[in-house]
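Peer 1:
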Amino acid sequence: MGVLRTVAILALATVVVAGCGPAAPSPDTSGRATSPVLSAPVTLTRSGGIAGVNDTITVDSGGAWTFRDRTGKILDGHLSEAQRAELAALLADPSVGREARQAPANPPCMDAFVYHLSAGGLDVQGADCGDLGRRYPGLAKIVTLLTDVTPM
Numbered sequence: 060m061g062v063l064r065t066v067a068i069l070a071l072a073t074v075v076v077a078g079c080g081p082a083a084p085s086p087d088t089s090g091r092a093t094s095p096v097l098s099a100p101v102t103l104t105r106s107g108g109i110a111g112v113n114d115t116i117t118v119d120s121g122g123a124w125t126f127r128d129r130t131g132k133i134l135d136g137h138l139s140e141a142q143r144a145e146l147a148a149l150l151a152d153p154s155v156g157r158e159a160r161q162a163p164a165n166p167p168c169m170d171a172f173v174y175h176l177s178a179g180g181l182d183v184q185g186a187d188c189g190d191l192g193r194r195y196p197g198l199a200k201i202v203t204l205l206t207d208v209t210p211m
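When the sequence shown is numbered by this note's numbering, its final residue is 211 and no position is left out of the sequence of numbers.
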């Protein structure tokens with residue numbers, strides 16, 4: 060009787076302990092992706108300005124980012140799932156592809172920040188002469204997102 064009681068207690072304890080773990084995510088039956096994934100690392104560099112900055116942020120496909128400024132200071136962090144989804148959607152916007160084929164403003168205005176975006180085969184560069192959102196609306200949205208959620 061003692062062995063049977065011990066087995067029953069161990070079985071009950073196993074069920075109780077297993078129930079304390081995190082719940083498994085429920086599958087998405089709609090066919091949509093539940094976790095946005097960037098297809099390639101994203102690098103945004105900001106250079107120029109009166110102070111001569113040279114800041115770079117790189118976001119990997121899982122949303123982890125590394126920021127490096129011109130002094131070599133490095134900071135790390137992670138985009139939230141919503142931020143990663145927004146970045147993926149912005150990169151997929153056809154306007155960004157058109158901007159990649161657009162000739163940069165020449166010559167750029169004095170003391171402007173110049174942004175250079177690289178992601179997979181995408182390569183966009185634009186100077187912020189007060190009209191970045193007009194000349195490069197897709198790039199401007201990506202710049203706004205990454206400067207709002209990272210140290211850039």
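Built from N, CA and C at the ideal position, the CB exists for glycine as well. Small disclaimer: the values here were computed from a predicted structure and weren't measured.
1) Where do the N-terminal and C-terminal ends of the beta strand (DSSP E) with residue 105 fall, by residue?
2) Decide if residue 134 is buried, meaning its Cβ has at least 16 other Cβ atoms within 10 Å, or exposed.
3) Which residue wins for smallest C-alpha separation from residue 174, given the options 144, 138, 211?
4) So, does the region 147-160 touch the region 191-202, judging by three or more C-beta pairs under 8 angstroms?
5) Report yes if the C-beta distance between residue 172 and residue 101 is below 9 angstroms; otherwise report no.
6) Let me know the beta strand (DSSP E) ranges lying completely inside the region 118-154, each 3 residues or longer, listed in chain order.
7) The alpha helix (DSSP H) with residue 97 in it runs from where to where?
8) Can you tell me which of 99, 98, 116 puts its alpha carbon nearest to the alpha carbon of residue 105?
9) Which residues bound the alpha helix (DSSP H) around residue 111?
10) What residue does the alpha helix (DSSP H) around residue 197 start on, and which one ends it?
11) Just verifying my parser: in three-state terms, what is the DSSP assignment at residue 186?
12) Rounded to a whole number of angstroms, what is the C-alpha to C-alpha distance between residue 204 and residue 170?
13) Does the structure place the region 136-146 close enough to the region 119-127 that three or more beta carbon pairs sit under 8 angstroms?
14) Taking the C-alpha atoms as reference points, what is the distance between residue 144 and residue 208?
15) Between the alpha carbons of residue 180 and residue 168, how many angstroms are there, rounded?
16) Count the other C-beta atoms from every protein chain shown that fall within 10 angstroms of the C-beta of residue 132, then say buried if there are 16 or more, exposed otherwise.
Peer 2: Inspection of the coordinates gives the following:
1) 101-107
2) exposed
3) 211
4) yes
5) no
6) 123-127, 133-137
7) Unbroken run through residue 97: none, as it is neither H nor E.
8) 116
9) From DSSP, residue 111 is part of no alpha helix (DSSP H); its letter is neither H nor E.
10) 196-208
11) strand
12) 22 angstroms
13) yes
14) 13 angstroms
15) 27 angstroms
16) exposed
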